[in-house]
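Structure first, then comments.
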Amino acid sequence: MNNKVTFGSKFGTLTVVAGSCIGLGNIWRFPYLAGNNGGSAFIIIYFLCSLTIAIPIMMSEFVIGRSTDKNAFGAFKEISKQKKWSLVGLFGILTSFLIYGFYSVVAGWAISFIQTAFTEGFTGRSPMVIHSNFINYINTGWKPTIAALIFIFITASIVIGGIEKGIERINKILMPMLALIIIGLFIYSISLPGFKAGMDFLLRPDFSKISLNTVLSAIGQSFFSMSLGMGCMVTYGTYIKKETSLPSLALTIGLMDLSVAVLAGFAIFPGVFTFGIEPTSGPTLVFETLPLVFSMMPAGNIFGIFFFLLVFIAAITSSVSMLEPICLFIIQELKTTRVKAVLMVSTIVSILAILCAFSQVEGSPIRLFDNNLFDFLNNITDKFMLPLGALLIIIFVGYFANKEMVRNQITNNGHSFNKTFSLYYIIIRYVIPVILSLFILNLLGIMKW
Ligand code: TRP
124 MNNKVTFGSK
134 FGTLTVVAGS
144 CIGLGNIWRF
154 PYLAGNNGGS
164 AFIIIYFLCS
174 LTIAIPIMMS
184 EFVIGRSTDK
194 NAFGAFKEIS
204 KQKKWSLVGL
214 FGILTSFLIY
224 GFYSVVAGWA
234 ISFIQTAFTE
244 GFTGRSPMVI
254 HSNFINYINT
264 GWKPTIAALI
274 FIFITASIVI
284 GGIEKGIERI
294 NKILMPMLAL
304 IIIGLFIYSI
314 SLPGFKAGMD
324 FLLRPDFSKI
334 SLNTVLSAIG
344 QSFFSMSLGM
354 GCMVTYGTYI
364 KKETSLPSLA
374 LTIGLMDLSV
384 AVLAGFAIFP
394 GVFTFGIEPT
404 SGPTLVFETL
414 PLVFSMMPAG
424 NIFGIFFFLL
434 VFIAAITSSV
444 SMLEPICLFI
454 IQELKTTRVK
464 AVLMVSTIVS
474 ILAILCAFSQ
484 VEGSPIRLFD
494 NNLFDFLNNI
504 TDKFMLPLGA
514 LLIIIFVGYF
524 ANKEMVRNQI
534 TNNGHSFNKT
544 FSLYYIIIRY
554 VIPVILSLFI
564 LNLLGIMKW
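124 is the number of the first residue of the sequence shown in the numbering used here; add one for each residue after it.
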């Protein structure tokens with residue numbers, strides 16, 4: 124704890140942070156959101172929201188982490204010298220835990236689908252069979268459970284290795300692989316007859332579809348996609364070297380995250396349109412619609428294997444960023460070892476994952492507020508906990524942290540981005556709090572739990 128742990132290299136830092144951001148959110152939510160909400164008009168709005176809201180929030184989380192070298196809970200306490208602010212960190216750690224619980228179930232599905240692709244393959248199966256296979260799989264309860272536990276185990280074995288030898292090493296290998304796979308899938312998609320229709324769905328600008336709600340969903344999506352609002356980037360901030368420029372890093376990551384999201388759409392929709400299937404979103408897009416596409420596509424099995432590998436890689440580099448913040452909290456606050464922290468958190472999250480997997484079995488009693496546990500966690504974290512966490516974080520940096528400290532972090536003691544600092548400071552003090560407060564009020568109004 125006394126000697127500072129940092130990422131080993133610039134490339135490492137970039138892959139680790141990008142690994143956190145690029146995840147299931149990019150693959151199954153963004154392409155569909157964009158396609159259904161005005162195509163490139165949505166992409167432009169999303170880009171503007173990332174630039175003015177998400178990227179400044181990411182920078183603010185980095186500031187909190189790097190200036191204190193503490194986990195989310197400890198960092199808030201150290202900067203504010205007040206116990207109550209550490210609750211914001213604690214809230215983030217709880218959010219992290221809940222997201223990790225249901226995320227590991229979905230990632231587990233990807234593992235099962237890789238297995239299916241290898242053993243039975245997708246080719247030649249009818250739509251009915253594909254649909255019922257997925258439902259049957261979910262309804263066993265134990266099959267998704269085992270897959271989720273395998274996923275949690277793999278995540279734990281990476282995080283146990285620590286920052287440089289665990290998380291950074293694995294991201295440096297997996298992120299370039301992810302880039303290659305997604306570019307490969309995209310190139311293949313160009314050869315499909317539905318390429319143009321797919322592009323049209325994703326890109327055709329339709330500004331008439333843009334409403335306040337579209338903007339709100341763009342903001343919500345950017346938080347989830349850029350891993351904001353729960354102290355994940357506070358934790359990664361502690362490992363960022365002091366020479367690294369935080370605005371450049373956040374900007375680069377924002378662009379990478381958006382590029383992968385758009386590329387995922389380029390890889391997915393040409394196939395969907397080639398075979399005249401209705402595009403869907405969420406789990407159904409990845410685990411029902413796409414297997415159907417693979418069943419009809421030439422070389423669909425190979426495409427399928429690589430696609431689910433892509434989903435798996437995207438998910439595992441994100442899940443380490445959910446486990447690490449909780450572990451750093453336990454290591455520093457309960458003064459225990461990394462191994463013990465990882466084992467402890469993994470055990471508890473396994474229980475949550477088992478409950479989530481079984482909550483999806485038809486007729487399961489594991490329900491909260493009219494939703495099964497899985498959907499409940501998915502909704503409450505995404506729609507409520509992340510925006511609230513982000514709002515508190517931004518108010519903290521804008522009003523409670525020392526301005527000179529923030530300036531030194533953002534400009535690296537006056538070396539870069541000096542002019543941008545005032546703009547950033549105005550944005551986090553006035554613009555974002557107003558927008559996020561409206562966002563939360565709106566959500567509270569429409570949430571029907
Ligand atoms: N960003 C990831 C995705 O797009 C998910 C994720 C990882 C996340 N860490 C997070 C979401 C922290 C919110 C907060 O799938």
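Note that CB positions come from ideal geometry on N, CA and C, so glycine has one too. The structure displayed is predicted, hence computed values, not measured ones.
Same chain only: Cβ atoms within 6 Å of residue i, ignoring 5 sequence neighbours per side
| i | result |
| --- | --- |
| K332 | N160 and G161 |
| M379 | A141 |
| I304 | F429 and L433 |
| L413 | none |
| G80 | Shown here, the chain extends from 124 to 572; a query on residue 80 therefore has no answer. |
| N501 | F225 |
| A476 | G224, S227, V228 and A271 |
| K200 | S209 |
| Y260 | K266 |
Residue environment, residue i, which counts as buried when at least 16 other CB atoms sit within 10 Å
| i | result |
| --- | --- |
| V409 | buried |
| N565 | exposed |
| W265 | exposed |
| D505 | buried |
| T460 | exposed |
| V252 | exposed |
| T543 | exposed |
| E366 | exposed |
| T138 | buried |
| A422 | exposed |
| Y362 | buried |
| Y553 | exposed |
| D493 | exposed |
| F431 | buried |
| R327 | exposed |
| P402 | buried |
| P393 | buried |
| P154 | buried |
| L457 | exposed |
| S173 | buried |
| V243 | The amino acid at residue 243 is misidentified as Val; the sequence shows Glu. So E243 counts as exposed. |
| E291 | buried |
| T470 | exposed |
Same chain, Cβ closer than 7 Å to residue i, neighbours up to 5 away in sequence not counted
| i | result |
| --- | --- |
| I489 | L478, F481, S482, N495 and L496 |
| P179 | Y547, I550, I551 and I555 |
| T358 | G188, N194, A195, E447, P448 and L451 |
| M298 | T138, A141, G142 and T440 |
| S418 | F245, T246, G247, R248 and I253 |
| V499 | Looking at the sequence itself, residue 499 is Phe, so the reference to Val does not match. Correct list, in chain order: L491 and F492. |
Closest by C-alpha distance to residue i, when choosing among the options
| i | options | result |
| --- | --- | --- |
| L561 | T534, L369 and V338 | V338 |
| A513 | L147, R152, I216 and K206 | I216 |
| I275 | A230, I258 and A341 | A230 |
| F507 | F346, I253 and V520 | F346 |
| Y169 | W208, G377, V468 and V395 | G377 |
| I342 | K542, I166, K526 and A476 | I166 |
| G135 | E287, L303, T403 and G427 | E287 |
| D329 | N502, I533, S163 and L156 | S163 |
| T440 | F429, T175, S227 and G537 | S227 |
| M445 | F199, T278, K206 and Q238 | T278 |
| R530 | F523, Y522 and N541 | N541 |
| F558 | S539, I517, K526 and F523 | A quick correction: the sequence has Ile, not Phe, at residue 558. Measuring from the Cα of I558, the nearest candidate turns out to be I517. |
| A438 | S404, I453, Y362 and S350 | S350 |
| V383 | F309, I273, L272 and F431 | F309 |
| L171 | I258, S314, D192 and Q344 | Q344 |
| Y311 | I296, I425, P267 and T268 | I425 |
| S442 | V282, K204 and T268 | V282 |
| S190 | V520, S539, H538 and L567 | V520 |
| I503 | S219, N294 and M528 | S219 |
| I293 | I400, T397, F398 and G131 | G131 |
| T534 | S371, N262 and T242 | S371 |
| K319 | E291, F398 and E411 | F398 |
| T263 | E485, I273 and K463 | E485 |
| A302 | G360, I269 and L381 | L381 |
Cutoff 8 Å: residue i Cβ touching any chain B Cβ
| i | result |
| --- | --- |
| S444 | The chain inventory of the structure shown lacks chain B, comprising one protein chain alone. |
Close Cβ partners of residue i (< 8 Å) along its chain, the five nearest in sequence each way excluded
| i | result |
| --- | --- |
| G285 | V128 and R461 |
| S340 | L156 and N160 |
| P406 | W151, V229 and W232 |
| Q532 | F185, V186, R189, S190 and L369 |
| E411 | I253, H254, F257 and T403 |
**Request:** Tell me, please, whether the segment 339-356 touches the segment 215-235 by the rule of three or more beta-carbon pairs shorter than 8 Å.
**Result:** As far as the Cβ criterion goes, the segment 339-356 touches the segment 215-235, which means the pair count is three or higher.
**Message:** I'd like to know if the segment 183-196 and the segment 323-331 are in contact, where contact means that at least 3 CB-CB pairs between them fall below 8 Å.
**Reply:** The answer is no - the segment 323-331 does not touch the segment 183-196, with fewer than three Cβ pairs under 8 Å.
**Prompt:** Quick one: any contact between the segment 234-246 and the segment 148-155, if contact means 3 or more CB pairs under 8 Å?
**Reply:** Put simply, the segment 234-246 does not touch the segment 148-155. Fewer than three CB pairs are less than 8 Å apart.
**Message:** Could you check whether the segment 379-388 touches the segment 196-213, counting it as contact only if at least three pairs of C-beta atoms, one from each stretch, sit closer than 8 Å?
**Reply:** Contact fails: fewer than three Cβ-Cβ distances are below 8 Å.
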